[in-house]
Amino acid sequence: MPDSRSSPVSVALVGMPGSGKSALGRRLAQRLDWPFVDLDQAIEDRVGCSIRELFERKGEPFFRDLEQRVIAEFSQGPVASVIATGGGAVLRTENRETLRSGPCVIYLWSTPEALYRRLRHDVKRPLLQVADPLARLRDLYEQRDPLYREVAGSVVDTGRASVNALTRTLHGLLVEQGIVPPDGAGAAAQPPQL
Numbered sequence: 743m744p745d746s747r748s749s750p751v752s753v754a755l756v757g758m759p760g761s762g763k764s765a766l767g768r769r770l771a772q773r774l775d776w777p778f779v780d781l782d783q784a785i786e787d788r789v790g791c792s793i794r795e796l797f798e799r800k801g802e803p804f805f806r807d808l809e810q811r812v813i814a815e816f817s818q819g820p821v822a823s824v825i826a827t828g829g830g831a832v833l834r835t836e837n838r839e840t841l842r843s844g845p846c847v848i849y850l851w852s853t854p855e856a857l858y859r860r861l862r863h864d865v866k867r868p869l870l871q872v873a874d875p876l877a878r879l880r881d882l883y884e885q886r887d888p889l890y891r892e893v894a895g896s897v898v899d900t901g902r903a904s905v906n907a908l909t910r911t912l913h914g915l916l917v918e919q920g921i922v923p924p925d926g927a928g929a930a931a932q933p934p935q936l
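Just remember that this note's numbering sits 742 ahead of the position in the sequence shown, which is counted from 1.
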């Protein structure tokens, strides 16, 4: 019987806006010498405008449809990569199923208050362009935290540690799970033989 992990295992980072998915994803991909995919950037490249403009022009449902297609495409790619998902990627059942069945998923957790401190001057995130962004973050957290936990195999607190320390933590998790070898090389570990 073939091992279900005989193909390369990618790493998908999920979490709230501002939790560090892009910054940590980029750094982890460099450390592993793997490709890095920011799904929001991939969507922007395809449509030729920012996510904010896409929301304004076509609405959130259109964006979520496109996001679903991009998640499916990159989660099951032929090459192991580090994938930074959008904050709302877990809202659709189909996306959660894709994430659970494909990549190694890590939830980058932060409190709404910590996220607000990071994002209070950010004007690029359409869901936070409201009168009370902290209240909006608290609402989003309440809705999404259980969904992130549903798809993730591991949870990492990104509240206070540096990007370097968090990158080491993420790498350590991948070593523990047998996805990368302990020597730090990025080649995927061989799956165990049954």
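Each residue gets a CB set at the ideal place from its N, CA and C atoms; glycine is no exception.
Cβ pair residue i, residue j closer than 7 angstroms
i: residue 773; j: residue 909; result: yes
i: residue 825; j: residue 893; result: no
i: residue 781; j: residue 828; result: yes
i: residue 858; j: residue 879; result: yes
i: residue 761; j: residue 833; result: no
i: residue 848; j: residue 755; result: yes
i: residue 784; j: residue 812; result: yes
Beta-bridge pairing of residue i - partner residues as DSSP gives them
i: residue 939; result: The structure shown does not extend to residue 939, since the chain is modelled only from 743 through 936, so no value can be given for it.
i: residue 754; result: 825 and 847
i: residue 881; result: Answer is none; residue 881 lacks a bridge partner.
i: residue 780; result: 826
Supposed contact pair residue j and residue i - C-beta distance, whole angstroms, cut 8 angstroms
i: residue 814; j: residue 751; result: Going by Cβ atoms, the distance from residue 814 to residue 751 rounds to 16 angstroms, so no, they are not a contact pair.
i: residue 786; j: residue 793; result: 6 angstroms
i: residue 867; j: residue 759; result: 5 angstroms
i: residue 817; j: residue 841; result: 6 angstroms
i: residue 905; j: residue 766; result: 6 angstroms
Bounding residues of the alpha helix (DSSP H) (the contiguous stretch that carries residue i)
i: residue 917; result: 905-918
i: residue 873; result: First-last for residue 873: undefined, no H or E at that position.
i: residue 760; result: Segment: none, residue 760 is in no alpha helix (DSSP H) and carries neither H nor E.
Please give me, in chain order, every unbroken run of the alpha helix (DSSP H) with length at least 4 that falls completely inside the region 782-852. As summarised for the region 782-852, the continuous alpha helix (DSSP H) elements at least 4 residues long and confined to that stretch are 793-800, 802-817 and 835-843, given in chain order.
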